[in-house]
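Undergrad:
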Amino acid sequence: MSSNQEPQKTTGLHVGVAAPGVKKVNPILVIDHVKKSFGGLTAVDVEHLEIPSGAITALIGPNGAGKTTLFNLLTGFDTPDTGAWSFEGKELAGVPSFKVAKMGQVRTFQLTKALSLLTVLENMKLGAKNQTGEKLLNSLFPFLWRKQDSELETKAMELLKKFKLDAKKDDFAASLSGGQRKLLEMARALMTDPVLVMLDEPMAGVNPALTQSLLEHVLNLKKEGMTVLFVEHDMHMVRHIADWVVVMAEGKVVAEGAPDTVMKEQAVIDAYLGAHQDTDLGVVTGRINVVSEEGK
Ligand SMILES: Nc1ncnc2c1ncn2[C@@H]1O[C@H](COP(=O)(O)OP(=O)(O)OP(=O)(O)O)[C@@H](O)[C@H]1O
Ligand SMILES: [Mg+2]
Numbered sequence: 509m510s511s512n513q514e515p516q517k518t519t520g521l522h523v524g525v526a527a528p529g530v531k532k533v534n535p536i537l538v539i540d541h542v543k544k545s546f547g548g549l550t551a552v553d554v555e556h557l558e559i560p561s562g563a564i565t566a567l568i569g570p571n572g573a574g575k576t577t578l579f580n581l582l583t584g585f586d587t588p589d590t591g592a593w594s595f596e597g598k599e600l601a602g603v604p605s606f607k608v609a610k611m612g613q614v615r616t617f618q619l620t621k622a623l624s625l626l627t628v629l630e631n632m633k634l635g636a637k638n639q640t641g642e643k644l645l646n647s648l649f650p651f652l653w654r655k656q657d658s659e660l661e662t663k664a665m666e667l668l669k670k671f672k673l674d675a676k677k678d679d680f681a682a683s684l685s686g687g688q689r690k691l692l693e694m695a696r697a698l699m700t701d702p703v704l705v706m707l708d709e710p711m712a713g714v715n716p717a718l719t720q721s722l723l724e725h726v727l728n729l730k731k732e733g734m735t736v737l738f739v740e741h742d743m744h745m746v747r748h749i750a751d752w753v754v755v756m757a758e759g760k761v762v763a764e765g766a767p768d769t770v771m772k773e774q775a776v777i778d779a780y781l782g783a784h785q786d787t788d789l790g791v792v793t794g795r796i797n798v799v800s801e802e803g804k
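The numbering used here runs 508 ahead of the 1-based position in the sequence shown.
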């Protein structure tokens with residue numbers, strides 16, 4: 509088992525007082541007035557939000573706060589009613605999801621999207637960015653396609669080894685456990701050499717035996733120079749690995765800050781208690797009881 513050493517936190521990410529919409533020293537994503545309603549319900553209403561580059565940011569908030577919807581909008585899987593946002597200074601509004609991924613911003617899904625009837629290795633290859641095999645040029649010159657295919661395979665196998673899935677390369681994705689599928693999805697996202705990796709509840713439904721390994725994979729993304737934005741309900745994990753925390757409630761960003769301080773903000777406690785008036789915050793937020801910790 510790996511050590512429980514505290515990961516190295518990245519600090520000095522923001523400029524001025526930590527509050528919703530606070531400027532970042534080096535933002536990778538800048539979001540302005542992004543709004544999305546479903547019927548009468550406003551799912552997302554983000555006035556201004558900057559995600560810091562080179563760090564791990566956790567996006568938290570009670571069920572239905574709009575976290576997944578915001579992910580969908582930012583990655584081109586859904587379109588907002590209004591608003592604009594940029595990734596590394598490039599405007600992304602209206603850019604479809606496959607192009608967003610090619611630009612270096614990838615995401616995984618709350619419910620994994622591994623294709624069950626493909627093998628683990630085939631799933632990996634599908635994640636790659638230059639599917640040149642499908643292009644006309646390559647159908648005329650199949651040797652180009654074969655070269656690319658073997659390069660893809662080498663890369664896929666390296667990643668599968670890293671995620672300890674190499675022995676399963678020929679198994680159907682359907683045969684994997686929930687946790688292994690989460691690992692496969694993360695590995696597949698890395699086939700495109702992303703700059704920003706967005707993970708929607710990477711730990712949800714994962715067997716405790718695999719959580720430590722998933723956690724380390726997330727930390728490794730940062731070590732390798734990638735920026736991470738992840739949605740998570742387990743406050744233990746958020747505190748352990750996040751450099752910065754953004755809190756959403758009812759579509760809005762209600763707080764932002766370093767993990768140790770932001771959980772104690774009244775707006776955050778209210779957001780969770782407001783959504784779960786009949787439970788205490790410790791239950792809602794996972795393994796750690798924020799209220800009693802504060803009192804210690
Ligand atoms: N396609 C849709 N059609 C209608 N309503 C939707 C749709 N997608 C999301 N919603 C609603 O928008 C709100 C925000 O949902 P969203 O899935 O973004 O929340 P979340 O913060 O990801 O929640 P969770 O923590 O439970 O995953 C919820 O009230 C949800 O019911
Ligand atoms: Mg969600």
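Heads up, the beta-carbon is just placed ideally off N, CA and C, and yes, glycines get one too. As the structure is a prediction and not an experimental result, all values here were calculated from the model.
1. Give a yes or no on whether the C-beta atoms belonging to Pro570 and Tyr780 are separated by under 8 angstroms.
2. Distance cutoff 8 angstroms, beta carbons only. Does Glu758 sit that close to anything in chain C?
3. In the DSSP output, what is Glu599 paired with across the bridge?
4. For Val739, verify whether its CB is less than 7 angstroms away from any heavy atom of ligand 2.
5. Going by DSSP, which residues form a beta bridge with Val755?
6. Excluding the 5 residues preceding and the 5 following Gln785 in the sequence, name in chain order all residues of the same chain whose CB lies nearer than 8 angstroms to its CB.
7. Taking only the alpha-carbon atoms, compute the straight-line gap between Val542 and Gly584 and give it to the nearest angstrom.
8. What is the chain-ordered set of residues for which the beta carbon lies under 5 angstroms from any non-hydrogen atom of ligand 1?
9. Under 8 angstroms Cβ to Cβ from Phe617, same chain only, skipping five residues before and after it: list those, please.
10. Could you tell me which of Gln516, Val628, Lys760 sits nearest to Asp678, measuring between CA atoms?
11. In whole angstroms, what separates the C-alpha of Lys544 from that of Leu600?
12. Taking DSSP as the reference, what is the three-state secondary structure of His846?
13. Going by the CB atoms, is the gap between Thr518 and Asp751 shorter than 8 angstroms?
14. Leaving out the 5 sequence neighbours to the left and right, which residues in its chain are closer than 7 angstroms to Ala664 when beta-carbon positions are compared?
15. Report yes if the C-beta of Gln482 is less than 7 angstroms from at least one heavy atom of ligand 2; otherwise report no.
TA: According to the structure data:
1. yes
2. Note that chain C does not occur in the displayed structure, where there is just one protein chain.
3. Ser594
4. yes
5. Ile568, Ala763
6. With a pLDDT of 49 at Gln785, under the threshold of 50, the modelled position of this residue cannot be trusted; read the value that follows with caution. Here the set comprises nothing.
7. 13 angstroms
8. Phe546, Ala551, Asn571, Gly572, Ala573, Gly574, Lys575, Thr576, Thr577
9. Glu693, Asp708
10. Val628
11. 16 angstroms
12. A query on residue 846 cannot be resolved here, the shown segment of the chain reaching from 509 to 804 and no further.
13. yes
14. Leu629, Met632, Lys633, Met699
15. Since the displayed the chain opens at 509 and closes at 804, residue 482 lies outside it and no answer follows.
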